[in-house]
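Scroll down for the structure; my scribbles are underneath it.
Number of protein chains: 2
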Amino acid sequence: MTKKVSATGKRVWKTPDGHSPIAILFNSIYPVPKEAIDLIDEQTFPVQVARGKFLVKPGDTEPHLYLVLKGVIRAYIKEDGKEITTWINEENEIVTSIRNLGLTISSPEYLQAIENSSLIAMPYALVEHLYEHFLEANIVGRKILEDNYRGAEERAYICRIASAEKKYQHFIKTRPGLANRISLKYIASYLNMTIETLSRVRSRLAE
Amino acid sequence: MTKKVSATGKRVWKTPDGHSPIAILFNSIYPVPKEAIDLIDEQTFPVQVARGKFLVKPGDTEPHLYLVLKGVIRAYIKEDGKEITTWINEENEIVTSIRNLGLTISSPEYLQAIENSSLIAMPYALVEHLYEHFLEANIVGRKILEDNYRGAEERAYICRIASAEKKYQHFIKTRPGLANRISLKYIASYLNMTIETLSRVRSRLAE
Chain V
0 MTKKVSATGK
10 RVWKTPDGHS
20 PIAILFNSIY
30 PVPKEAIDLI
40 DEQTFPVQVA
50 RGKFLVKPGD
60 TEPHLYLVLK
70 GVIRAYIKED
80 GKEITTWINE
90 ENEIVTSIRN
100 LGLTISSPEY
110 LQAIENSSLI
120 AMPYALVEHL
130 YEHFLEANIV
140 GRKILEDNYR
150 GAEERAYICR
160 IASAEKKYQH
170 FIKTRPGLAN
180 RISLKYIASY
190 LNMTIETLSR
200 VRSRLAE
Chain U
0 MTKKVSATGK
10 RVWKTPDGHS
20 PIAILFNSIY
30 PVPKEAIDLI
40 DEQTFPVQVA
50 RGKFLVKPGD
60 TEPHLYLVLK
70 GVIRAYIKED
80 GKEITTWINE
90 ENEIVTSIRN
100 LGLTISSPEY
110 LQAIENSSLI
120 AMPYALVEHL
130 YEHFLEANIV
140 GRKILEDNYR
150 GAEERAYICR
160 IASAEKKYQH
170 FIKTRPGLAN
180 RISLKYIASY
190 LNMTIETLSR
200 VRSRLAE
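Just so you know, the sequences run in chain order V and U. The first sequence begins at 0 in numbering that gives the first Met the number 0 and counts up by one. The second sequence begins at 0 in numbering that gives the first Met the number 0 and counts up by one.
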């Protein structure tokens, strides 16, 4: 967690007028009442995760929603000792142990930083409080969910493309930022193919 | 579309007090204002799709959201002439060309009835109208999305399980209703394996 403090004593992760980046994001999606903004400003906080370290592990009890300010977060589930990468997200995306959105059961997902990452954390209890007390928060939530839903559909689809070459081409088309940013082993895991297959596909496409 | 008319002249797909099943469902998720209920009652309509026929095809321009009253709907995308099954849903589930939720681009998905199916259709324009004019509709939408989001995450996950046996076991655990209901070819397509592999897995598990 950052301890950096600005000249005015405010943590520098906030905007010059003292707002949390999550408050700014929510308000840009749909205008949120001032009382809701105040709660977000008070209860969200910055988190730093070094490359390779974990943001969330299975069994973590207090769920949070995170806005990625910098870095890349990968989610995976362990199945027979093997890691199954379920998603990879970059800057300006909202990440969470989303498999259980709206439920209180614990998630089997690991959320790992694959670059040094800065995020803003929002307790999920606050999300639920906002949903309950500010109807507008449901517009924001609904729109973020629509967006993330398309992402999940995309992950379900890319995995089902039979040809490794088509799969990789689809990946570089839909996630151009990641293709040149993250290491091959994560791309291979996300695309559900071996590193050898991925390397072969890449050399063939480079020809 | 059903033409069946009850003694009172109302189409029998409505409840005894004249409501659309979609209005009943929405109102059970979160109380919706009467004016919203009235709009849903007026603008939703029943659809019947025979086994093998299509509810939606790529290029269909007016998007709808559908509540499945009876039957099973499968979504697939054609890739190099091969069908990639993206989801399969049964009774009481909401289906739509959901890949584009919140966007206006056309979907590459085919929605096919794999049993004779009865659905209630709701124009997506009405969904958007409700979101805009009734804040409560956003609570309903947000909750339905949370639910469907978990489904999409599940589809992205099951596809990435390496062992065919584990994959099938996960399927019968999470979708017990479908396992004994739909034909093997659809299960195989959904699980991204050949029918031969699926048959082998099933015989091995039956031993």
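Heads up, the beta-carbon is just placed ideally off N, CA and C, and yes, glycines get one too.
Same chain only: Cβ atoms within 7 Å of residue i, ignoring 5 sequence neighbours per side
i, result
"I23 (chain U)", "T14"
"N137 (chain U)", "Y130"
"E114 (chain U)", "R50, G70, V71"
Per-residue DSSP class, three states only, for residue i
i, result
"V4 (chain V)", "Summary for V4 (chain V): the model assigns pLDDT 45, below 50, so the residue's position carries little reliability, and this model does not support an answer."
"V11 (chain V)", "coil"
"P45 (chain V)", "strand"
"V31 (chain V)", "coil"
"L54 (chain U)", "strand"
"D16 (chain U)", "coil"
"A161 (chain U)", "coil"
"I194 (chain V)", "helix"
"D40 (chain U)", "helix"
"I181 (chain U)", "coil"
"Q60 (chain V)", "According to the sequence displayed, residue 60 (chain V) carries Thr and not Gln. Coil, per DSSP."
"E145 (chain U)", "helix"
"E211 (chain U)", "Limits of chain U in this structure are 0 at one end and 206 at the other, which puts residue 211 (chain U) out of reach."
"R174 (chain V)", "coil"
Sequence-distant residues of its chain with Cβ nearer than 8 Å to residue i (five each side left out)
i, result
"Q42 (chain U)", "M121, P122, L125"
"I119 (chain V)", "W12, S19, P20, I21, T43, F44, P45, V46, Y65, L66, L68"
"E153 (chain U)", "T173"
"M0 (chain U)", "For M0 (chain U), the pLDDT reaches just 41, beneath the cut-off of 50, and the residue's location in the model is therefore unreliable, leaving the point undetermined."
"I143 (chain V)", "I28, I93"
"Y185 (chain V)", "R73, T84, I87, I113"
Buried or exposed (CB count within 10 angstroms, at least 16 for buried), residue i
i, result
"V11 (chain V)", "exposed"
"S198 (chain V)", "exposed"
"N179 (chain U)", "exposed"
"P57 (chain U)", "exposed"
"P30 (chain V)", "exposed"
"L183 (chain V)", "exposed"
"G17 (chain U)", "exposed"
"R159 (chain U)", "buried"
Rounded C-alpha distance that separates residue i from residue j
i, j, result
"E90 (chain U)", "L177 (chain U)", "11 Å"
"L204 (chain U)", "D40 (chain U)", "48 Å"
"F53 (chain V)", "I194 (chain U)", "39 Å"
"A161 (chain U)", "F133 (chain V)", "44 Å"
"S116 (chain U)", "V71 (chain U)", "6 Å"
"H63 (chain U)", "V94 (chain U)", "9 Å"
"H169 (chain U)", "E135 (chain V)", "38 Å"
"Y189 (chain V)", "A155 (chain U)", "10 Å"
"E127 (chain U)", "E92 (chain U)", "19 Å"
"P175 (chain U)", "I83 (chain U)", "21 Å"
"K81 (chain V)", "I157 (chain U)", "14 Å"
"R149 (chain V)", "V139 (chain V)", "16 Å"
"D146 (chain U)", "E206 (chain U)", "36 Å"
"I181 (chain U)", "K165 (chain U)", "19 Å"
"I28 (chain U)", "I171 (chain V)", "39 Å"
"A187 (chain U)", "Y167 (chain V)", "23 Å"
"E34 (chain V)", "A151 (chain V)", "32 Å"
"R50 (chain V)", "I76 (chain V)", "18 Å"
"A38 (chain V)", "F25 (chain V)", "The residue asked about is misnamed: residue 38 (chain V) is Leu in this sequence, not Ala. Answer to the nearest angstrom: the Cα atoms are 12 Å apart."
"R141 (chain U)", "E78 (chain V)", "31 Å"
"E61 (chain U)", "S202 (chain U)", "44 Å"
Sequence-distant residues of the same chain with beta carbon closer than 6 Å to residue i, five excluded per side
i, result
"A74 (chain U)", "T85, W86, E108, L110"
"A163 (chain V)", "M192, T196, V200"
"D59 (chain U)", "none"
"V48 (chain V)", "L54, A112, S116"
"P32 (chain U)", "F133"
"I36 (chain V)", "A22"
Self-check item: Uninterrupted beta strand (DSSP E) stretches inside the region 63-137 of chain V (no shorter than 3 residues)
Solution: Qualifying beta strand (DSSP E) stretches, in chain order: 63-69, 72-78, 81-88, 93-95, 108-112, 116-122.
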